[in-house]
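J.: Let me give you the structure first, and then I'll get to my questions.
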Amino acid sequence: MTNHGKLKIIILLSIILGLAGYTHLWNVTGFPFIDVDEGHYLRKAISTLEGEGFQPQNRYLSPYFGQIFLAGIFKTIGFPNFIVGDSSQSPATIEGLFLVPRILVGSLAIVDLILIWKITERRYNKRVALISSILFAVMPYNLMTRTVLLESIQLPLMLTSILLLLYSNSAEKHEKKVSIIVSGLFIGLAIFTKIPAFTIIPLGIFLIYTNTKRWKYLALWLIPSILIPSLWPMHAALSGDLDEWVKGIIYQTNREGRPLIDSLHDFLLTDPVFFILGIGGFIFSVLKRDIFLILWIAPLIVFFYLIGYVVPFHLIILIPSFCITGALLLDSI
5 MTNHGKLKII ILLSIILGLA GYTHLWNVTG FPFIDVDEGH YLRKAISTLE
55 GEGFQPQNRY LSPYFGQIFL AGIFKTIGFP NFIVGDSSQS PATIEGLFLV
105 PRILVGSLAI VDLILIWKIT ERRYNKRVAL ISSILFAVMP YNLMTRTVLL
155 ESIQLPLMLT SILLLLYSNS AEKHEKKVSI IVSGLFIGLA IFTKIPAFTI
205 IPLGIFLIYT NTKRWKYLAL WLIPSILIPS LWPMHAALSG DLDEWVKGII
255 YQTNREGRPL IDSLHDFLLT DPVFFILGIG GFIFSVLKRD IFLILWIAPL
305 IVFFYLIGYV VPFHLIILIP SFCITGALLL DSI
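Have a look at this one:
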């Protein structure tokens with residue numbers, strides 16, 4: 005690529021990043037509305053920060069990395085002490101308690117955009133990368149990524165894992181091994197944030213095996229991706245709470261009354277253009293036999309269908325793949 009072409013790409017990416025920064029960091033407490041689950045996750049993070057352990061609410065509903073991540077950031081910046089130092093319970097103070105975490109996850113959304121660009125550029129081309137990045141920056145449904153939910157935290161972990169596997173395709177032997185191991189660490193942390201991230205494992209297996217044809221590399225990736233989330237039940241067992249952990253898992257997997265189709269319907273009503281592009285692009289990918297996108301999306305859809313309880317924000321981890329499928333569809337027109 006010529007210097008002029010590189011400069012053009014840099015300018016375009018800068019504009020998209022600026023747009024994403026505006027859409028994801030402006031009026032963060034005003035929209036979307038504050039979900040009750042945001043308060044739940046913030047309470048767990050602050051309880052962890054104050055040394056009350058990982059399960060102060062005594063309910064094993066999700067793994068620990070989300071609250072560890074938030075607690076670590078809060079400790080670094082002195083949150084929430086600089087918000088509630090005067091013990092005030094005014095509306096401004098309450099709003100401030102959500103302002104800082106939402107700015108944090110809004111910043112993660114900008115990281116997501118860069119990762120989506122690099123993944124799409126690596127797998128397809130710069131034109132598709134540009135379109136997918138624009139979709140992520142401007143589509144209304146994607147503003148859910150600035151809510152303080154586990155999905156918003158696990159998204160950059162999943163995307164980093166996928167990108168590292170794509171980079172390993174052209175890496176030398178030592179760099180390939182390091183990329184695969186680090187990718188396994190990131191997907192392990194993503195699963196340790198929230199369980200549905202495990203649906204990326206088939207994609208990881210496909211990328212590694214088609215690239216290396218060696219089971220050793222696959223093992224290097226699978227070991228950390230399994231061991232890290234295993235810390236969750238191990239901690240419960242060591243704490244004498246394994247029965248409570250099992251009850252929490254059973255509760256999460258047996259909730260009913262909110263099937264996948266309802267959340268997809270809400271998705272359609274909220275952002276019909278993005279929904280049609282994403283679903284249409286996925287169908288297009290199936291027809292084109294694009295195994296990369298099929299293995300990224302299909303296992304997650306099947307998982308959500310089987311568990312029988314899906315709320316709209318659960319679909320946040322579908323957003324990057326829908327941006328790519330939509331971009332491929334638009335690029336083909």
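With the numbering used here as the guide, the letters of the sequence shown map in order to residues 5 to 337.
Cβ atoms here follow ideal geometry from the backbone N, Cα and C, with glycine treated the same way.
1) Apart from the five residues just before and just after F271, which ones in its own chain have a Cβ nearer than 7 Å to its Cβ?
2) Can you grab the Cα-Cα spacing for the pair L334 / F78, in whole Å?
3) Runs of 4 residues minimum, wholly inside the stretch 108-140: which ones carry the alpha helix (DSSP H) assignment?
4) Report all residues from its chain with a CB closer than 8 Å to the CB of L117; omit the five preceding and five following residues, and keep chain order.
5) Looking only at its chain, what residues have a beta carbon closer than 7 Å to the beta carbon of Q256, apart from the 5 residues adjacent to it on each side?
6) Measuring straight from C-alpha to C-alpha, what distance separates I287 and I123?
7) Between A302, S243, Y171, which has its C-alpha nearest T216's C-alpha?
8) For L74, which residues in the same chain have their Cβ closer than 6 Å to its Cβ, ignoring the five residues on either side in sequence?
9) In whole angstroms, what is the alpha-carbon distance linking L302 and G312?
10) If you drop the 5 nearest sequence neighbours on each side, which residues of the same chain put their C-beta closer than 7 Å to that of L17?
11) In chain order, which alpha helix (DSSP H) runs of at least 4 residues are fully inside the stretch 263-333?
12) At the level of alpha carbons, what is the spacing between G43 and L231?
13) Quick check on V152: buried or exposed, where buried means 16 or more other Cβ atoms within 10 Å of its Cβ?
14) If you reduce the DSSP assignment to three classes, tell me which class L4 lands in.
15) Within 10 Å of its beta-carbon, does G192 have 16 or more other beta-carbons around it, so buried, or fewer, so exposed?
T.: The structure says:
1) Cβ neighbours of F271 beyond the five flanking positions: Y145, F279, P316, L319.
2) L334 and F78 have their C-alpha atoms roughly 41 Å apart.
3) With a minimum length of 4 residues, no continuous alpha helix (DSSP H) run stays inside the stretch 108-140.
4) If we look at L117 and ignore the five residues flanking it on each side, its Cβ neighbours are I20, L21, A24, S137, F140, A141.
5) Contacts found: L65.
6) The alpha-carbon separation between I287 and I123 amounts to approximately 20 Å.
7) Residue Y171 is the option with its Cα nearest to T216.
8) Excluding residues within five positions, the ones whose Cβ falls inside 6 Å are A49.
9) The amino acid at residue 302 is misidentified as Leu; the sequence shows Ala. Between the alpha carbons of A302 and G312 lies a distance of about 16 Å.
10) If we look at L17 and ignore the five residues flanking it on each side, its Cβ neighbours are W121.
11) Taking only runs of at least 4 residues, the alpha helix (DSSP H) segments lying wholly in the stretch 263-333 are 264-274, 276-291, 295-311.
12) The straight-line gap from Cα to Cα measures roughly 29 Å.
13) By the neighbour-count criterion, in which a residue is buried when 16 or more other Cβ atoms sit within 10 angstroms of its Cβ, V152 is buried.
14) This structure does not reach residue 4, given that the chain is present from 5 up to 337, and the question cannot be answered.
15) Classification of G192: buried, given that the 10 Å Cβ count is 16 or more.
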